[in-house]
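Each residue of the sequence shown is one higher than the last, beginning at 111 in the numbering used here. Note that beta-carbon positions come from the ideal geometry of N, C-alpha and C, so glycine has one too. Right, one structure below, let's go through it.
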Amino acid sequence: MSFLKNIFGNNEPQKEESKMEWFPLNEINQLDEIIAESKENPVLIFKHSTRCIISRTVLKNFEKKFDLEGKVKPYFLDLLEFRPISNEIASLFNVTHQSPQLILVKDGKAIYNASHDNIEVKDLKNYI
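Following this line, the structure appears as structure tokens:
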């Protein structure tokens with residue numbers, strides 16, 4: 111059977127572990143913490159749709175290129191599971207909801223946001 115899997119491919123999903131240390135964003139009250147934290151150091155919010163291949167690809171590419179450890183604290187939001195948090199982010203930081211979306215928060219305000227193929231580490235570095 112493994113011979114056939116090698117020829118036709120393995121249908122079992124491959125779970126890839128991220129090298130990044132993401133902080134899960136799964137409670138709405140964390141947004142107050144993010145605002146407070148952002149007054150000391152920049153905070154990053156990555157909004158991800160777990161059902162979207164584009165979102166998965168963008169996330170994977172972002173993680174590969176991410177080299178800002180210690181310079182920014184990255185939060186990860188599964189927006190399908192926590193859509194009310196995503197809605198509150200849009201309202202609180204005055205950004206239009208997108209998916210995938212990257213938002214940089216500094217001094218309590220969103221100073222940069224990008225979506226889809228515009229999410230690039232090199233662009234993010236200009237704001238840190």
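Distance between G180 and E150 (C-alpha atoms, nearest Å): 12 Å
Exposure of I195, with buried meaning 16 or more beta-carbon neighbours within 10 Å: buried
Opposing strand residues paired with A146 [DSSP bridges]: Paired residue(s): none; A146 is not in a bridge.
Residue range of the unbroken beta strand (DSSP E) whose run includes D233: Per DSSP, D233 belongs to no beta strand (DSSP E); it is in the alpha helix (DSSP H), V231 to L234.
Close Cβ partners of S159 (< 7 Å) along its chain, the five nearest in sequence each way excluded: S165, L189, L190, S209 and P210
Exposed unless 16 or more other CB atoms sit within 10 angstroms - verdict on S201: exposed
Cβ-based burial, Y185 [other Cβ within 10 Å; buried from 16]: buried
Chain-order list of residues whose beta-carbon lies under 8 Å from that of V231 (same chain, five-residue window excluded): F172, K175, F176, D177 and L178
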